[in-house]
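No gaps in the numbering here: position 228 of the sequence shown is 228 in the working numbering, and each next residue is one more.
Every residue, glycine too, gets a C-beta built ideally from N, C-alpha and C.
Since the structure is predicted, the reported quantities are computational estimates derived from the model, not experimental observations.
Single-structure report; data block below.
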Amino acid sequence: MELFVRGLSHRYGDLLVLDSIDLDVREGEILVVIGPSGCGKSTLLGILGGIVPHGGEAVRIAGEPPPGCLNPVSFVFQDFSLLPWRSVEDNVGLVLEHQRMPTGERRERVEDCLRRMGLLEFRKALPKQLSGGMRQRVGIARALATRPAILLLDEPLSALDAQTRDLLMEDFLDLWKRDRTTAVYVTHNLNEALRLADRVVVLTRRPGRIRDIVKVGLPREDRAGAAGQAFLAEVHDRLWELIKAEARIADREIVDA
């Protein structure tokens, strides 16, 4: 499925957060959104997924959902959002509990998601018994349980150490290669963006407007070698030049506040 955004603006009271956003998210691509702190990245993601109320018809979803899809859009959040009193498998199955489906099918879906995220041996564990990386794997497994057509990820790796981020990026790409799920991925990390993205959307500081959309233009399988790293370094420098000045201003605004 695809997402189309036309003329999207959004306010919190008198504060204009997003201004005149026009954007297409193509079927099967990973679109990464970057920009200075406070530029409206998370608000944009929330509007796309319907959890931030927004009047009008600025966002449209088109196309056919995949087989077995129970919800066209699913979220992965930064803070994991797991229920601490529930086991891993019960956290994953939470999103299926309001669905009308046989108990056996619900168990099969949970089992499949646990297997895909390498969580089968931890199925009875509580979140407090898991590392940060494992908790985020539970969050991703839960998001996959509805077999979404579009996955929205709000800085899902920012709370993790560098090694765990690398491992989870590999896991995420393996999942994407299997299903080619359309994804919109918000991050502050340029290296993360270049590892994952087909295209990178650069937002200005508040109010967030699209400053540029940069196509990475290199197959993911070619990004690890020396030639690929040299190419990505050039794209990294281009992205940094686009956001550097405004990132400094945004940082001072937050500190001064």
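Query raised in the report: Which word fits isoleucine 21, buried or exposed, when buried means at least 16 other C-beta atoms lie within 10 angstroms of its C-beta?
Result: buried
Query - Cβ contact (3+ pairs, closer than 8 Å) linking the segment 72-80 and the segment 98-115 - result: no
Query raised in the report: Taking all protein chains shown into account, do 16 or more other C-beta atoms lie within 10 angstroms of the C-beta of serine 131, making it buried, or fewer, making it exposed?
Result: exposed
Requested in this report: Using beta-carbon positions only, say whether valine 184 and leucine 153 come within less than 9 Å of one another.
Outcome: yes
**Report entry** Distance between valine 73 and glycine 63 (C-alpha atoms, nearest Å)
**Finding:** 13 Å
Query - Cα-Cα separation between cysteine 39 and arginine 206, rounded to whole angstroms - result: 4 Å
Query raised in the report: Is the CB-CB distance between alanine 197 and isoleucine 61 below 9 Å?
Result: no
Query raised in the report: Given a threshold of 16 other Cβ atoms within 10 Å of its Cβ, counted over all protein chains shown, does glutamate 89 qualify as buried or as exposed?
Result: buried
Report task. Would you please state the rounded distance, in angstroms, between the beta carbons of threonine 181 and leucine 151? I believe it to be under 8 Å. Result -> 5 Å
Query - Buried versus exposed call for phenylalanine 4 [16 or more other C-beta atoms within 10 Å across all chains shown] - result: exposed
Requested in this report: Give the DSSP-derived three-state secondary structure of glycine 208 in the structure shown.
Outcome: strand
Report task. Report all residues from its chain with a CB closer than 7 Å to the CB of lysine 244; omit the five preceding and five following residues, and keep chain order. Result -> none
Report task. Have a look at glycine 201 and arginine 106 and give me their C-alpha separation to the nearest angstrom. Result -> Note on identity: in this sequence residue 201 is valine, with glycine being the wrong assignment. When rounded, the distance between both Cα atoms is 37 Å.
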